[in-house]
Each structure stands twice: as C-alpha cells, then as structure tokens.
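**Q**
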Amino acid sequence: MVYNLVGHRFLGVNEQGDKVMIDGDQPATGPRPMELLLMALGACTAYDVVDIMKKKQQPLARYRVEVEGVRAETHPRRYTHITVTHIASGPGVTLEALERAVHLSHTKYCSVSASLNAEITTRVVLEPWEEEA
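In this note's numbering, the protein residues as written are 689 to 821.
1. Take proline 721 as the anchor and find which of Val737, Arg697, Thr733 and Met741 has the nearest alpha-carbon.
2. For arginine 860, name the three-state secondary structure that DSSP assigns.
3. Tell me the DSSP bridge mates of histidine 769?
4. Let's see if you can read the secondary structure: which residues bound the alpha helix (DSSP H) around leucine 726?
5. Using a 10 Å radius around the Cβ and a threshold of 16 neighbouring Cβ atoms, would you call tyrosine 691 buried or exposed?
6. Among the residues of its own chain, which have a CB less than 6 Å from the CB of alanine 789, if the five just before and after it don't count?
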C-alpha cells in the first residue's frame, strides 16, 4: 500500500509492515519512485549474484552494485537504458565466474530486470583481493 502523507510525499508499506518513504517534495526525505526502481534492480540482481557465487564456492568478500539510468525526454520519461555495474572481490574469485553469475542473474533469475522495458547493459569489475590489515 502507498499512503499520501502530504504533497508528493508518500509512505509505502508492504504486507509485513516494512516501510519506505517515497518522496517528490523538497527537501526530500526519501528516494523518488524512479530511484527506487533502480535500487530494486540493483538489489534483485545482487541477491542472485551473491547466491550464485556462493554455490560456485567463490563467495564475495566485497561487493557493490552501481545502477545508472537514462530516461526518455518525453512522458512517461521511462528508463530507456540502464547500466548495472557489479564491483566485487574476494579470495579465489575469478572474473569468469563473476561474469557468468551476472549474466545468469540478468537473463534468467532477476524478476525486476525481466519486468523492465529498457535496454539493460551490465559491466563487471573484479577488484584485486587484498586482506585488510
């Protein structure tokens, strides 16, 4: 459910009662709906990649996903292109395994990715693994 609090400020609540502020006012107190869409895509694919890499016995020690979108100039101003960059490292993690995990997520498992009508490009960056001091 989404409740209107005031103006363009909304509170989204799921069936479990978890809440997220969705904002279009200034100053913003939460992300805008289109920002949430990018966050959802990033989180969805991250779940998959973490699980796939664990199954490959190459768990990720450090991992982040950066998502950028290009929107159409005219309404409804949908995302026409989205770039999802996966940046990871870990002992024994190979670029080949990481690329395969990312590919499987975006083409087979991520329901958010499958729901979007945008061209989605992926990038994979394997950072050198170094133990922290």
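In this text, a Cβ means the ideal position worked out from N, Cα and C, and glycines have one as well. All of these numbers come straight from a predicted model, not from anything done at the bench.
**A** Short version:
1. Arg697
2. Within the shown structure, residues of the chain are numbered from 689 to 821, placing residue 860 beyond reach of any answer.
3. Val758 and Glu807
4. 721-743
5. Exposed, by the Cβ-count rule.
6. Answer for alanine 789: Val737, Ile740 and Met741, listed in chain order.
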